Amino acid sequence: MLPQDLLSALSYTIKKDQFKGWDPFDGLNSQIFQHLPFKNNRILGLLWIQLFKRIPLNFRNLASIEKGHNLKGLALLLSAHYLGSNSCFNREHIDLIINVILKNKSNNRINYCWGYNFPWQARAFSAKPWEPNIIVSSFVAQALLDVYEKERDEKFLMIAKSVGDFILNELLLYETSKEICFGYIPNKQARVHNANLMGAKLFARLYKYTKSDNYKKISLRSAQYSINRQRQDGAWYYGELNHHRWVDNFHTGFNLVALNEIENLTSELTFKDNIELGLKYHLDNHFEPDMTPKYYDNKRYPIDIHNFAQGLITFTAFKYKELADKLFNKAVELMWDGQNQYFYYQKTKWYTNKINYIRWSQAWMYYAISIYAK
């Protein structure tokens with residue numbers, strides 16, 4: 000199947016649902032759960048989320064979980080429209096996406112910022128619906144900068160700069176003369192490398208358009224923090240808490256692409272050796288010979304669509320066309336539902352989880368294939 004044909008089919012499914020969908024982590028959006036007496040119990044909240052995330056049967060309608068607009072997913076689709084070729088979205092679709100994003104910015108904040116459209120509970124912290132975090136805010140800011148680059152509407156650059164102010168004012172966890180570490184959500188101390196590098200990449204992009212040396216210095220100091228915590232074999236743990244010490248596929252790929260983009264945007268080749276070392280570890284430990292992506296460096300399952308998406312982005316960024324071609328074909332072979340025109344979520348040893356997720360699966364793959372096919 001040709002990439003453009005697949006994009007056309009996938010975009011039909013996305014548009015048919017009016018850019019709305021479910022998410023692997025949206026279990027706490029259940030109106031049933033929110034009326035239970037233990038709804039504020041942290042452990043039970045975690046278990047409830049994991050139930051909906053892992054079970055291959057979709058009980059969301061029964062649990063009164065509505066499809067919604069996921070702003071990170073919308074940001075990926077917006078970026079795909081501007082960065083890819085032969086977009087399957089028209090001006091009406093793009094205006095809808097932009098309007099939904101701007102309408103749903105987090106309230107009670109001085110600066111622009113965004114969060115997920117559901118409450119969620121992790122071991123390290125919890126978040127309310129729309130509570131801002133660095134991931135959603137940065138993806139939205141990057142997408143709006145993609146709009147700015149093509150349309151030169153200063154409003155979008157202003158909003159992206161405001162997101163930078165949000166990150167500096169509310170998410171700065173650690174700072175020395177040489178390092179900066181940004182956090183995931185306000186007032187929480189977990190240090191996670193992909194979140195930190197998401198901030199670093201945004202400041203590098205802001206430097207591109209403003210030529211502010213301050214943005215450049217912030218970006219490089221933030222990147223240096225994660226570089227200094229790269230293992231000698233090239234890997235990064237997901238984060239620094241004891242229960243974050245794993246090395247998964249897609250976060251590793253994201254870290255590598257982020258560092259590569261920071262170098263390109265700042266014209267500083269400071270991290271070249273670290274990128275090469277990390278890329279070798281990634282290729283040696285996260286993909287099988289037939290290009291089936293492993294979830295962890297030491298564990299194959301689950302086979303997850305997110306790893307296909309990030310792999311396509313990573314291989315395209317580093318010009319590994321043959322690997323990207325093999326990975327694309329493997330994604331179609333294992334994960335594409337040709338009849339219903341969407342990508343499956345996961346395959347385990349025992350079953351396939353075929354639930355259609357707008358952010359985790361469809362938006363990521365639409366973005367990845369758009370970049371790959373360009």
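If you're matching positions, the sequence shown starts at 0 in numbering that gives the first Met the number 0 and goes up one per residue.
In this text, a Cβ means the ideal position worked out from N, Cα and C, and glycines have one as well.
Predicted, not measured: the structure shown is a model, and the values here were computed from it.
Identified DSSP bridge partners for residue i
i    : result
G238 : V191
E174 : I179
S125 : Q120
W363 : Bridge partners of W363: none, in fact.
T351 : K346
D336 : Y341
D303 : Q345
K207 : None, per the DSSP bridge assignment.
P131 : G114
K298 : Y295
F286 : P292
Residue environment, residue i, which counts as buried when at least 16 other CB atoms sit within 10 Å
i    : result
W349 : exposed
L50  : exposed
K66  : buried
K271 : exposed
T175 : exposed
F138 : buried
D25  : buried
Y341 : buried
Q33  : exposed
K44  : Here residue 44 is Gly; the residue named in the question, Lys, does not match the sequence. Classification for G44: buried.
I109 : exposed
K293 : buried
I31  : exposed
R204 : buried
D145 : buried
I64  : buried
Y11  : exposed
I134 : buried
D4   : exposed
F317 : buried
N39  : exposed
S84  : exposed
S29  : buried
Y300 : exposed
F307 : buried
F37  : exposed
I48  : buried
Q338 : exposed
Integer Cβ distance of residue i from residue j, believed to fall under 8 Å
i    : j    : result
Q309 : G252 : 4 Å
L27  : Q120 : 7 Å
F384 : I217 : The structure shown does not extend to residue 384, since the chain is modelled only from 0 to 373, so the question has no answer here.
L255 : E262 : Not confirmed; about 11 Å, so no contact.
F155 : L167 : Not confirmed; about 19 Å, so no contact.
L77  : I96  : 5 Å
D232 : Y280 : 6 Å
Same chain, Cβ closer than 7 Å to residue i, neighbours up to 5 away in sequence not counted
i    : result
C112 : K104, S105, P131, S136, V162, F165
D296 : A234, V246, N284, H285
G238 : A189, R190, V191, H192
Y236 : H243, R244, W245, V246
Y371 : P2, L311, T315, A323, F327
H305 : F249, W359, W363
V99  : H68, L73
S7   : C87
Own chain, CB closer than 6 Å to residue i, minus 5 neighbours either side, in chain order
i    : result
M290 : K325, L326, K329
A79  : Y365, Y366, S369
C180 : L172, Y173, R190, N195, Y224
G182 : L170, L172
P118 : L27, K127, P128
A257 : L196, K200
K215 : Y206, T265
I158 : Y111, L143
F88  : H80
Proximal residues to residue i (C-beta, below 8 Å), its chain only, five neighbours per side dropped
i    : result
T351 : P55, Y343, Q345
R358 : G20, D22, N69, K71, G72, L75
F58  : F51
E153 : Y147
Residue i beta carbon near the ligand ADP (any heavy atom closer than 8 Å)
i    : result
L311 : The ligand ADP is absent from the structure shown, which contains no ligands of any kind.
Kindly provide the ranges of any alpha helix (DSSP H) runs that are 4 or more residues long and lie completely inside the segment 235 to 279, ordered along the chain.
Positions of the alpha helix (DSSP H) runs, each at least 4 residues long and wholly inside the segment 235 to 279, are given as 248 to 265 in order along the chain.
Secondary structure, beta strand (DSSP E): runs of 3+ residues fully inside the segment 7 to 82:
List check, beta strand (DSSP E) in window: nothing returned.
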